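Count along the sequence shown from 1, add 1064, and you get the number used in the working numbering.
Heads up, the beta-carbon is just placed ideally off N, CA and C, and yes, glycines get one too.
The model shown is predicted, which means the values in this text are computed figures rather than measured ones.
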Amino acid sequence: MTAAREPLLSCKGVSKFFGALAAVNNLSFDVYPGDVLGIGGPNGAGKTTLFEVISGLNQATSGSVIFQGRDISMLPPETVCHAGIARTFQLNASFESLSVRDNVRVAAYFGRENRAYPGLKVGPDVEEQTTAALEAVGLAGKDHLIAGELPVLDRKLLMLAGAIATKPRLLLMDEPVGGLSPREIDHMMDAVRRIAQGGVTIVLIEHVMRFLVQLSTRVLIMHHGESIYEGPPQGLAKDRTVIDVYLGEGASERLGKLMEAGQS
Ligand SMILES: Nc1ncnc2c1ncn2[C@@H]1O[C@H](COP(=O)(O)OP(=O)(O)OP(=O)(O)O)[C@@H](O)[C@H]1O
Ligand SMILES: [Mg+2]
């Protein structure tokens, strides 16, 4: 008999209230090692709030978040990061006046353990992690540029490099391709595929359905803080509730054709 596969992350009955508003409402799901779980849903569905709760930036009102068998619901964000969960943000977040390499160095230095500030002496391990992260996202040739001067794709890639420089087991990405052109989306898709193939489990939020369905092994669609669909990406375009509250008829037809083309 083979041992049951343990989830890497379990959200159990997670709710987050802002006053009377249930931004996340009694949500439960598991993420298994090697998954790429794609989360979609209309604006205001509670997707980002869910990430805030998992990553410790906001505490759940009720329910629990279990990571590698440990209840992380009450931990502060730096401890969650040290435990092996990294994330990127919907809006760009970087140290604007630092170089690309220094931004990633900071993540590699502080991402795995508590460290002293004075001197910020980085050892060869930090340099290696920094270089590996820059190469993984395709920014190695731009490491001397100033973060605040980068175009939008490179800023998103920099945030991704910072996240993976912390050597996470689980990577959360909040709208990694919002505002990007089709070619830029392809570039980001390649980077995310490389990271997944490198053994990092991924949960990503995205409105760009092509990106969501082509990368995800499983999809969760949220509406009013609840799950309205959880299953394979192939089932999305046929699901009546998902079409009614999120995709609409036109988008679901386009998505259906995309899925058929992908299977042929
Ligand atoms: N700090 C806060 N205080 C009060 N209400 C909040 C707060 N953060 C989020 N909300 C509300 O919670 C709901 C869920 O917001 P959230 O940002 O999680 O949605 P989302 O699914 O990420 O949407 P989008 O696709 O637009 O990014 C919204 O109604 C939002 O206005
Ligand atoms: Mg959001």
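Review point. Would you call the region 1299-1316 and the region 1130-1146 in contact, with 3 or more CB pairs under 8 Å?
Key: Output reads no: the region 1130-1146 does not touch the region 1299-1316.
Practice item. Would you give the residue range spanned by the alpha helix (DSSP H) that ASP1189 belongs to? Key: Within the sequence shown, the letter at position 125 stands for residue 1189. In the DSSP annotation of this structure, the continuous segment of the alpha helix (DSSP H) that includes ASP1189 starts and ends at 1188-1201.
**Study point:** CA-to-CA distance, PHE1153 to ASN1167, given in whole angstroms
**Key:** Position 103 of the sequence shown, counted from the first residue, corresponds to residue 1167. Position 89 of the sequence shown, counted from the first residue, corresponds to residue 1153. Roughly 15 Å separates the two Cα atoms.
Check your understanding: Which term fits ASP1308, buried or exposed, when burial requires 16 or more other beta carbons within 10 angstroms of its beta carbon?
Key -> For the purposes of this step, residue 1308 is identified with residue 244 of the sequence shown, where counting begins at 1. Taking all protein chains in view, the Cβ of ASP1308 is surrounded by fewer than 16 other Cβ atoms within 10 Å, so the residue is classified as exposed.
Practice item. Counting only runs of 4+ residues fully inside the region 1065-1135, write out the alpha helix (DSSP H) ranges in chain order. Key: If one requires a minimum length of 4 residues, the alpha helix (DSSP H) runs lying completely within the region 1065-1135 are 1111-1118, in chain order.
**Study point:** Check whether LYS1231 and VAL1164 have beta carbons under 7 Å apart
**Key:** Stepping through the sequence shown from its first residue, residue 1231 is reached at position 167. Stepping through the sequence shown from its first residue, residue 1164 is reached at position 100. Going by C-beta atoms, LYS1231 is not nearer than 7 Å to VAL1164.
Point to revise | Cross-strand partners of GLY1295 (DSSP beta bridge) | key: Taking the first residue of the sequence shown as 1, we reach residue 1295 at position 231. Paired residue(s): VAL1283.
Exercise for review: Can you tell me the Cβ-Cβ gap for LEU1236 and PHE1115, rounded? I've got them flagged as a contact below 8 Å.
Suggested key: Looking up residue 1236 in the sequence shown gives position 172. Looking up residue 1115 in the sequence shown gives position 51. For LEU1236 against PHE1115, the beta-carbon gap comes to about 5 Å, under 8 Å, which counts as contact.
Review point. Looking only at its own chain, which residues have a Cβ that is under 7 Å from the Cβ of GLU1191, when we skip the five neighbours before and after it?
Key: Here residue 1191 refers to the residue found at position 127 of the sequence shown. Cβ neighbours of GLU1191 beyond the five flanking positions: none.
Review point. Cα separation between LEU1319 and LEU1268?
Key: As a working note, residue 1319 is residue 255 in the sequence shown. As a working note, residue 1268 is residue 204 in the sequence shown. So the two alpha carbons sit approximately 18 Å from each other.
Review point. Can you tell me the Cα-Cα spacing of GLY1097 and ILE1266, whole angstroms?
Key: Along the sequence shown, one-based indexing puts residue 1097 at 33. Along the sequence shown, one-based indexing puts residue 1266 at 202. Strictly speaking, residue 1097 in this sequence is Pro, with Gly absent from that position. Rounded to the nearest angstrom, the two C-alpha atoms are 9 Å apart.
Point to revise | ASP1207 - DSSP class collapsed to helix/strand/coil | key: Reading the sequence shown from its first residue, position 143 is the one you call residue 1207. Correct three-state label for ASP1207: coil.
Practice item. Please list, in chain order, all residues of the same chain as GLY1105 whose beta carbon is under 7 Å from its beta carbon, the five residues on each side excluded. Key: Taking the first residue of the sequence shown as 1, we reach residue 1105 at position 41. The answer, listed in chain order, is LYS1111, ILE1285, MET1286, HIS1287 and TYR1310.
**Study point:** Separation of ALA1109 from CYS1075, as counted between CA atoms
**Key:** Reading the sequence shown from its first residue, position 11 is the one you call residue 1075. Reading the sequence shown from its first residue, position 45 is the one you call residue 1109. For CYS1075 and ALA1109, the distance between alpha carbons rounds to 17 Å.
Practice item. Identify every run of the beta strand (DSSP E) within the region 1255-1283, keeping only runs that are complete inside it and at least 3 residues long; order them along the chain. Key: Uninterrupted beta strand (DSSP E) stretches at least 3 residues long and entirely within the region 1255-1283 occur at 1265-1269, given in chain order.
Check your understanding: How many whole angstroms separate the CB atoms of ALA1124 and SER1079, which I take to be in contact at a CB cut-off of 8 Å?
Key -> Translated into positions along the sequence shown, residue 1124 becomes position 60. Translated into positions along the sequence shown, residue 1079 becomes position 15. Going by Cβ atoms, the distance from ALA1124 to SER1079 rounds to 6 Å, so yes, they are a contact pair.
**Study point:** ASN1344: CB within 6 Å of a non-hydrogen atom of ligand 1
**Key:** Not covered by the structure: residue 1344. The range shown for the chain is 1065 to 1328.
Practice item. For ALA1157, verify whether its CB is less than 6 Å away from any heavy atom of ligand 1. Key: Stepping through the sequence shown from its first residue, residue 1157 is reached at position 93. Incorrect: ALA1157 has no Cβ contact closer than 6 Å to ligand 1.
Check your understanding: Over what stretch of residues does the beta strand (DSSP E) that includes LEU1236 continue unbroken?
Key -> The sequence position of residue 1236 within the sequence shown is 172, counting from 1. Unbroken beta strand (DSSP E) run through LEU1236: 1234-1238.
**Study point:** PHE1381, buried or exposed, once every other Cβ within 10 Å from all chains shown has been counted against 16
**Key:** This structure cannot speak to residue 1381, because the chain is shown only from 1065 to 1328.
Exercise for review: May I ask which residues mark the beginning and end of the beta strand (DSSP E) holding ARG1151?
Suggested key: Mapped onto the sequence shown, residue 1151 falls at position 87. Counting along the chain, the beta strand (DSSP E) containing ARG1151 begins and ends at 1149-1151.
Review point. Whose C-alpha, out of GLY1289, ARG1274 and ALA1315, is nearest the C-alpha of ALA1084?
Key: Working through the sequence shown from its first residue, we reach residue 1084 at position 20. Residue nearest to ALA1084 within the set GLY1289, ARG1274 and ALA1315 is GLY1289 (criterion: CA-CA distance).
Practice item. Output yes or no for whether 7 Å exceeds the beta carbon distance between GLY1077 and GLY1127. Key: Translated into positions along the sequence shown, residue 1077 becomes position 13. Translated into positions along the sequence shown, residue 1127 becomes position 63. It is a contact, given that the beta carbons lie within the stated cut-off.
**Study point:** beta-carbon GLN1132 near ligand 2 non-hydrogen atom, thresh 6 Å
**Key:** Translated into positions along the sequence shown, residue 1132 becomes position 68. No; taking the cut-off as 6 Å, the Cβ of GLN1132 has no heavy atom of ligand 2 nearer than that.
Point to revise | Chain-ordered residues, beta carbon under 7 Å from a heavy atom of ligand 2 | key: Per the Cβ criterion, the list is LYS1111, THR1112, GLN1154, ASP1238, GLU1239 and ILE1269.
Exercise for review: Give me the Cα-Cα distance between ASP1094 and VAL1241, rounded to the nearest whole angstrom.
Suggested key: To locate residue 1094, count along the sequence shown from 1; it is residue 30. To locate residue 1241, count along the sequence shown from 1; it is residue 177. Going from the Cα of ASP1094 to the Cα of VAL1241 covers about 24 Å.
**Study point:** heavy atom of ligand 1 below 6 Å from PHE1082 C-beta
**Key:** Counting from 1 along the sequence shown, the entry for residue 1082 is found at position 18. Correct: PHE1082 has its Cβ closer than 6 Å to ligand 1.
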